[in-house]
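Working notes for the structure below.
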Amino acid sequence: MNGSPRLTLLAIAGGLMLTAACRNSSESGAPAYIDPSAVDSSIRPQDDFFTYANGGWIKRTEIPASQSAWGALYSLSDKSLEDMHSILDSLDKTTGLQNGSIAQQVADLYASVMDSATIDGKALTPLKDELNDIAQIKDIPGVFSEVAREYKEENGALFAYYVTADDKNSQVNAAHFDQGGLGLPNRDYYFNQDTSIQKIREAYTVYVTKVFRMIGDDSAAATKRAGELMAAEIAMAKVSKSPVALRDPQANYHKEPVKALPGPWKDILNNLGITADTILVGQPEYYTGLFDALNKLPLDDWKSYLTFHLVDNYASVLPDTLQSARFAYAHLLSGQQKMQERWKRACGLVDGYLGDALGQLYVQKYFPPEAKQRMLELVNNLQATYAEHIQSLDWMSDSTKKKALVKLHAITRKIGYPDKWKDYSTISIVRADAVNNTRQCGNWQFQRDLKKIGKPVDRSEWYMTPPTVDAYYNPTSNDINFPAGILQPPFFYKDGDDALNYGAIGLVIGHEMTHGFDDQGRQYDADGNLKDWWTKEDAERFKQRANLVVQEYDGFVAVDTFHINGNLTLGENIADVGGLSIAYGAFQKTAQAKDTTRIDGLTPDERFFRSFAQVWKVKSRPEVLRTQVLTNPHSTPQYRVNGPVSNLNAFYTTYNVKPGDRMYRPDSLRAHIW
825 MNGSPRLTLL
835 AIAGGLMLTA
845 ACRNSSESGA
855 PAYIDPSAVD
865 SSIRPQDDFF
875 TYANGGWIKR
885 TEIPASQSAW
895 GALYSLSDKS
905 LEDMHSILDS
915 LDKTTGLQNG
925 SIAQQVADLY
935 ASVMDSATID
945 GKALTPLKDE
955 LNDIAQIKDI
965 PGVFSEVARE
975 YKEENGALFA
985 YYVTADDKNS
995 QVNAAHFDQG
1005 GLGLPNRDYY
1015 FNQDTSIQKI
1025 REAYTVYVTK
1035 VFRMIGDDSA
1045 AATKRAGELM
1055 AAEIAMAKVS
1065 KSPVALRDPQ
1075 ANYHKEPVKA
1085 LPGPWKDILN
1095 NLGITADTIL
1105 VGQPEYYTGL
1115 FDALNKLPLD
1125 DWKSYLTFHL
1135 VDNYASVLPD
1145 TLQSARFAYA
1155 HLLSGQQKMQ
1165 ERWKRACGLV
1175 DGYLGDALGQ
1185 LYVQKYFPPE
1195 AKQRMLELVN
1205 NLQATYAEHI
1215 QSLDWMSDST
1225 KKKALVKLHA
1235 ITRKIGYPDK
1245 WKDYSTISIV
1255 RADAVNNTRQ
1265 CGNWQFQRDL
1275 KKIGKPVDRS
1285 EWYMTPPTVD
1295 AYYNPTSNDI
1305 NFPAGILQPP
1315 FFYKDGDDAL
1325 NYGAIGLVIG
1335 HEMTHGFDDQ
1345 GRQYDADGNL
1355 KDWWTKEDAE
1365 RFKQRANLVV
1375 QEYDGFVAVD
1385 TFHINGNLTL
1395 GENIADVGGL
1405 SIAYGAFQKT
1415 AQAKDTTRID
1425 GLTPDERFFR
1435 SFAQVWKVKS
1445 RPEVLRTQVL
1455 TNPHSTPQYR
1465 VNGPVSNLNA
1475 FYTTYNVKPG
1485 DRMYRPDSLR
1495 AHIW
């Protein structure tokens, strides 16, 4: 996903495959959209609602070899890629495109990435000068100089640097520095002794060794340099915070006067061209440990680290032999059996680098204006329902309720695409040079961000591209964002009935709104500032209720012996539980909810819950489930269904859930927050 590392994102982990064959007709002749054959009738909804609603489909579904899982997000993401491919392939065959136009830029970037013959013929020569510069590094200032050069191409190393709003002064952009630079997914992968994680470490080392062999090292030298890289990364991992510790926004906010920073910071900031008086350092202890490791480990360790990451950062536009070597390691994280098709990788790269250019063409062709209007109606209805829920809370004081309502009504709604598009006209894209094309795009983004430091935040900016099948809430601008890509079945039905839409996209809308009031988002005020606006007593009552969510999700087993981490996933779980509650409340105001008319044998409430469940209908490989548990703040698909419904009283009524049923939770343990 694109965007700021600080954004709280709805990175949807699964769903259903909705094809024309699933578009059934209801008894009234209206489209039903809910596949009755998806049900596993051997499972009671009172015992496992996810498997009851989706198990039949899961049994007969095979995950495509190039996918880590299959379901709504995956099939819809595939459709988005196919739509982008249709645009790019058509442009690729069009002659006479005006030089510098968005059509020429996206077409030629796509063509350069698809040109495997030219890429393979050049081998690693496009990186020859940079590789030579790294080999000539004489000291630690030289290391910082190379890291800055990499950042100027939007390729990070050693740490994470980005520019976005100052969390405590959300009107102004600031330079942020966080921990980062690891090759494995996070610090735990360097120390976890589970057999599956050990195999991932071993495969990563094999991949690193292959990269050094491709550069020209003999077997012994490549093995030695792989060991040097691992020594550097282990040193960085030791001083890195855990994923759970990174979730506390107050503990990860440190505004530092540049003049008071230790010596190495001078090299970092000067090389990056940052002249600000203050910067934000998320984890100061990481930098203390990093600077210490830079001085204690041999310089060759850091040169090997930089060499590998230079090549790895450009892997997507380097020869197939390198991409295959990378896949041999990466597939252990995803479970994919083969690489994604080249055209899909190329479309994704164009979307990542020139997303607003491709997005303009995508919206013109695939996003009807009436879809935006229908979404606005749904958002308005959920926002009004959310206000009613806040007003009726029995655990929150009137003073905090008043501020919560101010924040709720201040939320900005962004639907489909940005009001103004990024201007890429200064980027020169040519067909025969994929590496330099991506360099230019990266430098354009770096320079754009550099100019933002100390300047007012542009709150109209989007951090996802229009074709993206996802959504997000940004706490520093207090906005919810729904790209055009997700506004399609099974998430959004432009002409669908209310039960379908409130159970699906209504859940997504409620989820994003609730991120403004989850354990992280609640710490930001209506203007997007990290500022405590709660009474002490209300905050404590919130934490007590949130702890019920932690305890519930800690008990869920995702795969093998790997449990959901209730603390890591707390924000997303609160958003799922709250989002479903708000969506159901808004649905109850509709004429359909007040009627008794069944569609395909389903009552309105049953149709609502089935629409919700089919959004998360997904079949996953065990490898990706393990990776998700260890790295991702979202719960796995089964528990994105069973967790929220087990906390919603209406589900108990709809499906007659009683004590003794596996889905039953005593009311005292249900998480009634929003």
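Heads up, the sequence shown is in the numbering used here, so the first residue is 825 and it goes up one at a time. Glycine is no exception: its CB is placed at the ideal position from the N, C-alpha and C atoms.
Residue i, enclosing alpha helix (DSSP H) - first and last residue
i: T942; result: 940-946
i: I1239; result: Taken as a continuous stretch (DSSP letters only), I1239 belongs to no alpha helix (DSSP H), being part of the beta strand (DSSP E) at 1236-1240.
i: F1151; result: 1144-1158
i: V967; result: 964-975
i: K1048; result: 1043-1062
i: A1211; result: 1193-1216
i: P1444; result: Just to set this straight, residue 1444 is Ser in the shown sequence, not Pro. No alpha helix (DSSP H) holds S1444; the beta strand (DSSP E) holding it covers 1442-1444.
i: A1069; result: Note, A1069: premise wrong, no alpha helix (DSSP H); not H, not E.
i: G1395; result: 1394-1411
i: I1092; result: 1088-1096
i: M1038; result: 1019-1039
i: N1466; result: 1461-1469
i: H1133; result: 1123-1137
i: K952; result: 952-959
i: A1415; result: 1415-1418
i: A1474; result: 1473-1479
i: W881; result: 873-884
Residues sharing a beta bridge with residue i, DSSP
i: L1104; result: H1000, K1079
i: N1305; result: K1238, Y1296
i: Y1326; result: Paired residues: none, contrary to the question.
i: N993; result: D990
i: P1280; result: V996
i: L1426; result: I1423
i: A984; result: D1002
i: F1386; result: V1383
i: L1354; result: Y1348
Residue from the options whose Cα sits closest to the Cα of residue i
i: Q1215; options: L1202, Q1207, L1229, N1205; result: L1229
i: Y1297; options: Y986, S1284, E1336; result: E1336
i: Q1147; options: N1371, I943, A1370; result: I943
i: L1096; options: R1198, F968, W1440, A1437; result: F968
i: A1061; options: E970, K962, E1109, L933; result: E1109
i: L1186; options: I1277, P1307, A1208, I1253; result: The sequence given here places Tyr at residue 1186; Leu does not occur at that position. Checking every option, the nearest Cα to that of Y1186 belongs to P1307.
i: Q964; options: R1450, S861, K1090; result: Per the sequence presented here, residue 964 reads as Ile, with Gln not at that position. The shortest Cα separation from I964 among R1450, S861, K1090 belongs to K1090.
i: R868; options: R1494, I1497, W1498, Y1488; result: Y1488
i: W1358; options: A1256, L1372, D1342; result: D1342
i: T919; options: F1475, A931, T1047; result: A931
i: N1261; options: G1395, K1279, A935; result: A935
i: R1166; options: L1142, Q1188, L1178, K1189; result: L1142
i: Q1161; options: P1446, A862, D1491; result: P1446
i: K883; options: Q891, G1409, E1194, D864; result: D864
i: N1204; options: I1333, I1251, R1255, G1005; result: I1333
i: K976; options: M1220, T949, N1137; result: N1137
i: S1492; options: L1372, I887, A1055, G1320; result: L1372
Whole-number beta carbon distance between residue j and residue i, since they are thought to touch under 8 Å
i: L1104; j: H1233; result: Not really, about 29 Å apart at Cβ, beyond 8 Å.
i: Q1347; j: D1356; result: 7 Å
i: R1011; j: S1066; result: 7 Å
i: Q1107; j: D991; result: That belief does not hold up - the Cβ atoms of Q1107 and D991 are roughly 14 Å apart, past 8 Å.
i: V1374; j: G1395; result: V1374 to G1395, Cβ: 11 Å. No contact.
i: A1370; j: V1453; result: A1370 to V1453, Cβ: 20 Å. No contact.
i: P1242; j: M908; result: About 17 Å separates the two Cβ atoms, so there is no contact after all.
i: Q929; j: Y1248; result: 6 Å
i: L1006; j: E1057; result: 6 Å
i: T1102; j: V1082; result: 6 Å
i: L1173; j: V1439; result: At roughly 28 Å, the Cβ-Cβ gap does not stay under 8 Å, so L1173 and V1439 are not in contact.
Residue i at chain C interface by Cβ criterion, 8 Å
i: Y1317; result: In the structure shown, chain C cannot be found, because there is only a single protein chain.
The beta strand (DSSP E) enclosing residue i, as first and last residue numbers
i: W1498; result: W1498 -> no beta strand (DSSP E), and no H or E assigned at all.
i: W894; result: 893-895
Near the ligand GTP: residue i beta-carbon under 7 Å from a heavy atom
i: Y1377; result: Among the ligands in the structure shown, none appear at all, so the ligand GTP cannot be discussed.
Meets three-Cβ-pair contact criterion under 8 Å: the stretch 1109-1129 and the stretch 1295-1309: Flag = no, the stretch 1109-1129 and the stretch 1295-1309 do not touch.
Stretch-stretch touch, CB-based, cutoff 8 Å, three pairs: the stretch 1354-1371 with the stretch 1468-1480: The answer is no - the stretch 1468-1480 does not touch the stretch 1354-1371, with fewer than three Cβ pairs under 8 Å.
Contact the stretch 1417-1425 vs the stretch 1480-1496: 3+ CB pairs below 8 Å: In short, these stretches do not touch, since the Cβ pair count stays below three.
Sufficient close CB pairs (3 or more, under 8 Å) joining the stretch 1391-1402 to the stretch 1312-1320: No, the stretch 1391-1402 is not in contact with the stretch 1312-1320.
Sufficient close CB pairs (3 or more, under 8 Å) joining the stretch 1248-1268 to the stretch 872-880: Result no; under three Cβ-Cβ pairs closer than 8 Å.
Inter-stretch contact (C-beta, 8 Å, three-pair minimum) for the stretch 1067-1082 and the stretch 1138-1155: Output reads no: the stretch 1138-1155 does not touch the stretch 1067-1082.
Any 3 or more C-beta pairs closer than 8 Å across the stretch 1181-1198 and the stretch 983-992: Under the three-pair Cβ rule at 8 Å, the stretch 1181-1198 does not count as touching the stretch 983-992.
Inter-stretch contact (C-beta, 8 Å, three-pair minimum) for the stretch 954-962 and the stretch 1271-1286: Segments in contact, no.
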